[in-house]
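Residue numbers (this note's numbering), protein chains in the order written: chain A, 45 to 234; chain B, 11 to 166. The beta carbon of each residue, even a glycine, is placed where N, CA and C say it ideally should be. A short worksheet on the structure shown next.
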């Protein structure tokens with residue numbers, strides 16, 4: 045098997061040696077990706093940022109020991125982030141304060157951005173309501189754009205099982221979201 | 011390689027991966043494109059439905075992380091024994107043990123400028139470099155200011 049080409053390999057090695065510039069570039073590349081994964085899984089920005097920080101603590105701890113060629117570093121980061129999210133989801137906790145949807149401000153000048161955010165929030169809520177494994181599969185494949193092989197490996201399932209999770213997830217979302225598609229897509233240029 | 015793909019598998023793939031054929035495996039994408047070129051009405055309708063769901067999902071956008079978060083993360087990164095800490099201490103020593111106010115302000119300004127720059131041109135290599143330097147500058151200034159407190163006490 046050919047070794048995996050990893051665009052982060054050199055940065056990880058240098059960051060492991062204490063190169064701050066390499067560390068800064070890793071942070072710039074991967075923080076948005078980690079926050080996005082965690083926010084979609086947890087539906088909580090503050091928790092998502094905590095997860096991103098925890099992921100990087102492990103990056104800094106393990107960077108010097110990273111052995112390239114087996115998997116891409118970003119895939120490993122996704123696995124760490126997903127496991128941290130699943131751990132948090134399985135811990136009992138009180139309902140988040142922002143669980144209720146934001147009311148829409150009716151004033152035209154102020155409301156456009158809010159309406160956009162509200163529509164995005166509705167989509168995220170629908171994704172968030174999916175069963176945990178379906179959500180994880182959809183987040184990894186659709187939103188994070190990982191390959192099916194990478195996503196299956198992160199979730200410790202076969203590609204066939206991953207496809208089943210994705211199909212059920214998308215069917216659930218279709219039932220929930222497509223009846224309101226014209227409203228959700230309005231003005232979005234999508 | 012000419013792989014024969016069951017037609018029903020292509021409909022399944024729309025349900026699994028959606029309408030963006032770039033997300034499909036090469037041989038499956040080619041088979042789907044052949045159906046599209048053949049004006050297969052049933053497949054075209056399924057493709058439209060899958061695309062609608064993709065578009066709706068596209069409304070869910072996550073805000074980019076703040077520079078404060080990225081700075082916190084970078085502050086947790088390791089520094090080697092051989093890092094240019096000596097250079098920073100020399101700079102600190104040159105200032106007489108007091109970090110000039112302009113240094114912190116300049117660090118903050120550079121970090122903010124870097125953040126704004128990233129927002130406008132995230133893919134630019136120049137911006138990447140500027141960003142890294144801005145964040146590093148902020149982190150370095152902050153580190154010097156913190157360590158300076160102890161040194162100042164030692165000098166008195």
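Can you check which of these residues, the options, is closest to residue i by C-alpha distance?
{"i": "residue 80 of chain A", "options": "A:97, A:64, A:65", "result": "A:97"}
{"i": "residue 177 of chain A", "options": "A:94, A:155, A:212", "result": "A:212"}
{"i": "residue 55 of chain B", "options": "B:29, B:87, B:89, B:68", "result": "B:29"}
{"i": "residue 188 of chain A", "options": "A:136, A:223, A:174, A:85", "result": "A:85"}
{"i": "residue 77 of chain A", "options": "A:58, A:110, A:184", "result": "A:184"}
{"i": "residue 90 of chain A", "options": "B:18, B:34, B:17, B:72", "result": "B:72"}
{"i": "residue 95 of chain A", "options": "A:74, A:115, A:106, A:191", "result": "A:74"}
{"i": "residue 182 of chain A", "options": "A:60, A:225, A:205, A:223", "result": "A:205"}
{"i": "residue 200 of chain A", "options": "A:214, A:186, A:180", "result": "A:180"}
{"i": "residue 110 of chain A", "options": "A:60, A:135, A:158", "result": "A:60"}
{"i": "residue 133 of chain A", "options": "A:224, A:88, A:70", "result": "A:88"}
{"i": "residue 224 of chain A", "options": "B:33, B:67, B:77, B:34", "result": "B:67"}
{"i": "residue 115 of chain A", "options": "A:190, A:227, A:202, A:207", "result": "A:190"}
From the beta carbon of residue i, is the nearest beta carbon of chain A less than 7 Å away?
{"i": "residue 15 of chain B", "result": "no"}
{"i": "residue 25 of chain B", "result": "yes"}
{"i": "residue 30 of chain B", "result": "no"}
{"i": "residue 102 of chain B", "result": "Here residue 102 of chain B scores only 37 on pLDDT, less than 50, and its place in the model should not be relied on; the value that follows carries that caveat. Chain A contact via Cβ: absent."}
Does the beta carbon of residue i come closer than 7 Å to any beta carbon on chain B?
{"i": "residue 201 of chain A", "result": "no"}
{"i": "residue 162 of chain A", "result": "no"}
{"i": "residue 178 of chain A", "result": "no"}
{"i": "residue 218 of chain A", "result": "yes"}
{"i": "residue 210 of chain A", "result": "yes"}
{"i": "residue 183 of chain A", "result": "no"}
{"i": "residue 75 of chain A", "result": "yes"}
{"i": "residue 93 of chain A", "result": "yes"}
{"i": "residue 62 of chain A", "result": "yes"}
{"i": "residue 56 of chain A", "result": "no"}
{"i": "residue 90 of chain A", "result": "no"}
{"i": "residue 168 of chain A", "result": "yes"}
{"i": "residue 158 of chain A", "result": "no"}
Going by the beta-carbon positions, is the gap between residue i and residue j smaller than 7 Å?
{"i": "residue 68 of chain A", "j": "residue 84 of chain B", "result": "yes"}
{"i": "residue 31 of chain B", "j": "residue 41 of chain B", "result": "no"}
{"i": "residue 50 of chain A", "j": "residue 100 of chain A", "result": "no"}
{"i": "residue 62 of chain A", "j": "residue 81 of chain B", "result": "no"}
{"i": "residue 92 of chain A", "j": "residue 108 of chain A", "result": "no"}
{"i": "residue 38 of chain B", "j": "residue 23 of chain B", "result": "yes"}
{"i": "residue 193 of chain A", "j": "residue 123 of chain A", "result": "no"}
{"i": "residue 170 of chain A", "j": "residue 130 of chain A", "result": "no"}
{"i": "residue 210 of chain A", "j": "residue 26 of chain B", "result": "yes"}
{"i": "residue 216 of chain A", "j": "residue 174 of chain A", "result": "yes"}
{"i": "residue 58 of chain A", "j": "residue 66 of chain A", "result": "yes"}
{"i": "residue 166 of chain A", "j": "residue 112 of chain A", "result": "no"}
{"i": "residue 104 of chain A", "j": "residue 44 of chain B", "result": "no"}
{"i": "residue 163 of chain A", "j": "residue 17 of chain B", "result": "no"}
{"i": "residue 63 of chain B", "j": "residue 218 of chain A", "result": "yes"}
Next item on the list: Kindly provide the ranges of any alpha helix (DSSP H) runs that are 4 or more residues long and lie completely inside the segment 49 to 135 of chain A, ordered along the chain.
Entry: 53 to 60, 64 to 86, 89 to 106, 117 to 134
Margin query: By the 7 Å beta-carbon criterion, what residues does the segment 55 to 86 of chain B contribute toward chain A?
Written below: 62, 63, 65, 66, 67, 68, 69, 70, 71, 72, 74, 75, 79, 80, 82, 83, 84, 86
Item checked: Every unbroken alpha helix (DSSP H) inside the segment 24 to 71 of chain B [4 residues or more] -> 36 to 47, 51 to 67
Check: Residues in the segment 186 to 200 of chain A with C-beta within 7 Å of chain C's C-beta atoms, listed in sequence order?
Finding: In the structure shown, chain C does not exist; the protein chains are A and B.
Checklist line | Cβ-based contacts, 9 Å cut-off: residues of the segment 106 to 132 of chain A near chain B | finding: 107, 108
Notebook entry, point to check: Residue ranges of each alpha helix (DSSP H) run of no fewer than 4 residues wholly in the segment 163 to 200 of chain A, ordered along the chain?
Noted result: 176 to 182, 192 to 199
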